[in-house]
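This report refers to the structure that appears directly beneath it.
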């Protein structure tokens, strides 16, 4: 999946960043990393920061220049934090994901090019790109760490690819939400119990019940939780009659 | 902006990660970092990785436990990569951003809690959270680097806050796109020039012109570019008549 996206790092100085990029990619199911004349590679720092994504690191290819690295790409995006004076079409990471992330199988090879840690991409490198790729951020402090930038872009592509199962973690081992009927039975039981234990004055019952309803309706009880609460009510009723 | 969001790191082992988190936060205009019993802090590695976000680091507060760190928060989200067996409501980073990022001024204090690098948050810590906070990712390799996770969440909040100016970089120093009238004048000029230089057979002119139109219409020329092209046409016409 997302195998048509190639992450290209140009002249990375810190090998640790290369490792962190490999991890960020694998987290988002991307695997093809291309390196244009990295300062140090392979390197122990890269392996350490990859932590489990060494397969991405191992299969990374090194290229002598950017044209070689993107030769098989039909669309090339160059990450850029700076505003450029030349007119150049720009896409945000999300726009890029919406455009190409949704249907990776039908998409051509797409190169995502990230420049040097300190100075980004040079103009002659951006000339090879079809779009600038921008990550929305604080204008006063706009330089993301290299791996952080790759993480955001790959994350957007992953979300757009629709691969993630959207079931909430909370939905697992799933207990159904209580029905209105079950909730009404619960409220009746609650009201009866409060009368039984002498808490509820008949004339105050309405406003108190309204408040209690507000609490429990908001909570969206599931049937198991409801069973527990009604168990408590039963015990409380029995206790009172002893 | 986004000042109601507090990033809380629980028992971070590597001080470098604390620095990288500070940078990730500042990139997305977030400033309040809270640390629950970090292993080492302050530390040179934290300062190095913060690179320009030392203000976030300097103002970070250290707390003896999680309850103290989130005492003033009305909503608490606990980042979790693992699927939990207990039923717990979960929000993705984007859902969280849509819920609270859009109108930060009217939002209560919200704690974003991130656990230990290796083991995340313990169950008794998650008990203090109203929601699990999930980042969609590769199920087979789901552990993001701590700072990468913070980066994605803060990025989503920043995007939802609508603070970023949506002007394309390419729109700067803005030259208007050519009007249809200007384009038609250009096509006429182009056709005339091709006839003048002897390129265009009258009977082939129609299909050639259609192809050329397709190219230049797709390109969305601005008026300056159009001037340049027409200059070239003029020179080409004059050259031929010499």
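Chains as they are written, first to last, in my numbering: chain E, 1 to 242; chain X, 243 to 484. Don't be surprised by glycine CBs; every beta carbon is placed ideally from N, CA and C.
Problem set entry | Segments of 4+ residues assigned as alpha helix (DSSP H) that fall wholly inside the stretch 179-230 of chain E | Here the runs fully enclosed are 180-196, 205-219.
Exercise. For residue 451(X), which residues in chain E fall below 8 angstroms Cβ to Cβ?
Worked result: For residue 451(X), no chain E residue has a Cβ inside 8 angstroms of its Cβ, as the nearest lies near 26 angstroms away.
Exercise. Using 8 angstroms as the threshold, is the stretch 276-284 of chain X in touch with the stretch 296-308 of chain X, meaning 3 or more CB pairs across them?
Worked result: Output reads yes: the stretch 296-308 of chain X touches the stretch 276-284 of chain X.
Problem set entry | Ranges of the alpha helix (DSSP H) found wholly within the stretch 269-335 of chain X, counting only runs of at least 4 | Within the stretch 269-335 of chain X, the complete alpha helix (DSSP H) segments at least 4 residues long are 286-292, 296-300, 308-311, listed from N- to C-terminus.
Problem set entry | Residue closest to residue 79(E), alpha-carbon to alpha-carbon, out of 57(E), 238(E), 177(E), 143(E) | Closest option to residue 79(E), Cα to Cα, is 143(E).
For this session: Would you verify that the beta carbon of residue 294(X) is, or is not, closer than 8 angstroms to some beta carbon of chain E?
Result: Yes, residue 294(X) lies at the interface with chain E (some Cβ there is under 8 angstroms from its Cβ).
Exercise. Which residues does DSSP pair with residue 113(E) in a beta bridge?
Worked result: The secondary-structure analysis by DSSP pairs residue 113(E) across a beta bridge with 8(E), 78(E).
Problem set entry | Short CB-CB distance (under 8 angstroms) between residue 387(X) and chain E | Interface residue, yes.
Exercise. Nearest chain E C-beta to residue 271(X) closer than 8 angstroms, yes or no?
Worked result: For residue 271(X), the answer is yes, since a Cβ of chain E falls inside 8 angstroms of its Cβ.
Problem set entry | First through last residue of the alpha helix (DSSP H) which encompasses residue 131(E) | Secondary structure note for residue 131(E): it is in no alpha helix (DSSP H), and the uninterrupted beta strand (DSSP E) holding it is 131-134.
Exercise. How about residue 339(X) and residue 399(X): are their beta carbons less than 8 angstroms apart?
Worked result: Remark: C-beta atoms of residue 339(X) and residue 399(X) approach each other more closely than 8 angstroms.
Exercise. Just curious, the alpha helix (DSSP H) that residue 124(E) is in, first and last residue?
Worked result: Residue 124(E) -> alpha helix (DSSP H) spans 123-126.
Exercise. Residue 189(E) to residue 234(E), Cα distance in whole Å?
Worked result: Cα-Cα distance, rounded: 9 angstroms.
Exercise. Got a sec: is the Cβ-Cβ distance from residue 378(X) to anything in chain E below 8 angstroms?
Worked result: At a cut-off of 8 angstroms between beta-carbon atoms, residue 378(X) makes contact with chain E.
Problem set entry | Assigned secondary structure, residue 161(E) (DSSP; H/G/I helix, E/B strand, else coil) | In the structure shown, the three-state DSSP call for residue 161(E) is helix.
Exercise. Buried or exposed: where does residue 266(X) fall if 16 or more other Cβ atoms within 10 Å of its Cβ makes it buried?
Worked result: Buried: at least 16 other Cβ atoms inside 10 Å.
Problem set entry | Residue from 27(E), 29(E), 14(E) whose Cα sits closest to the Cα of residue 44(E) | Measuring from the Cα of residue 44(E), the nearest candidate turns out to be 14(E).
Exercise. Cα separation between residue 464(X) and residue 420(X)?
Worked result: Looking at the two C-alpha atoms, the distance is approximately 5 angstroms.
Problem set entry | Contact with chain E by residue 286(X), beta-carbon distance below 8 angstroms | So no, residue 286(X) is outside the interface.
Exercise. Excluding sequence positions up to five away, which residues of its chain have a Cβ less than 6 angstroms from the Cβ of residue 89(E)?
Worked result: Cβ contact annotation for residue 89(E) (same chain, cutoff 6 angstroms, sequence separation greater than five): 131, in chain order.
Problem set entry | Residue closest to residue 345(X), alpha-carbon to alpha-carbon, out of 244(X), 422(X), 447(X) | When each option's Cα is compared against that of residue 345(X), the closest is 244(X).
For this session: Sort out for me which residues DSSP pairs residue 232(E) with in a bridge.
Result: According to DSSP, residue 232(E) shares a beta bridge with no other residue.
Problem set entry | 6 angstroms CB neighbourhood of residue 121(E) in its chain, flanking five on each side removed | For residue 121(E), where only same-chain residues beyond five positions count, the Cβ hits under 6 angstroms are 78, 115.
For this session: Helix, strand or coil for residue 256(E), going by three-state DSSP, please let me know.
Result: The requested residue 256(E) is not part of the displayed model; chain E covers only 1 to 242.
For this session: Tell me, please, whether the CB atom of residue 23(E) is closer than 8 angstroms to any CB atom in chain X?
Result: Answer yes: the Cβ-Cβ gap between residue 23(E) and chain X drops below 8 angstroms somewhere.
Exercise. Since residue 191(E) contacts residue 207(E) with CB under 8 angstroms, what's their CB separation in whole angstroms?
Worked result: In fact, because the Cβ distance is near 12 angstroms, the residues do not count as touching under 8 angstroms.
Exercise. Using CA coordinates, which residue listed in 209(E), 193(E), 201(E), 109(E) is at the minimum distance from residue 232(E)?
Worked result: Taking only the C-alpha atoms, the option nearest residue 232(E) is 193(E).
Problem set entry | Euclidean distance between Cα positions of residue 246(X) and residue 314(X) | Distance between the alpha carbons of residue 246(X) and residue 314(X): 10 angstroms.
For this session: Give the straight-line distance between the Cα atoms of residue 382(X) and residue 164(E), rounded to the nearest whole angstrom.
Result: Approximately 11 angstroms between the Cα atoms of the pair.
Problem set entry | Three-state secondary structure (DSSP) of residue 362(X) | In the structure shown, the three-state DSSP call for residue 362(X) is strand.
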